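At position 31 of the sequence shown the residue is numbered 1467 (our numbering), and the sequence of numbers has no breaks. C-beta atoms are modelled at their ideal positions from N, C-alpha and C, and glycine is treated no differently. Bear in mind the structure is a predicted one, so any value in this text is a computation, not a measurement. Here's the structure we're looking at; comments come further down.
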Amino acid sequence: MKWFKFKKVKVFDAMKDDVDPSELTIENAYKTRWIWYHTILAIGIFFTNVLLIAILVILGIKL
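Here it is, written out as structure tokens:
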């Protein structure tokens, strides 16, 4: 791993600017809503994909 030390790769700490979960701030509320919104969106997209695959299978069997 000499090349790793040689290049002096900077490590990015993604959690450095993260807010304290025990504090009730606008930024913390925004992040919580953002997480829930995208979780619900991902679940909706998953079920849409399942339905589309089911339609493709049904059409494939009938044709």
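Rounded C-alpha distance that separates residue i from residue j
i, j, result
"leucine 1487", "leucine 1477", "15 Å"
"isoleucine 1462", "tryptophan 1470", "12 Å"
"asparagine 1464", "asparagine 1485", "32 Å"
"alanine 1490", "isoleucine 1479", "17 Å"
"lysine 1467", "tyrosine 1473", "10 Å"
"leucine 1492", "phenylalanine 1483", "14 Å"
Residue span of the alpha helix (DSSP H) that contains residue i, given as start and end
i, result
"leucine 1499", "Element bounds for leucine 1499: n/a, residue is neither H nor E."
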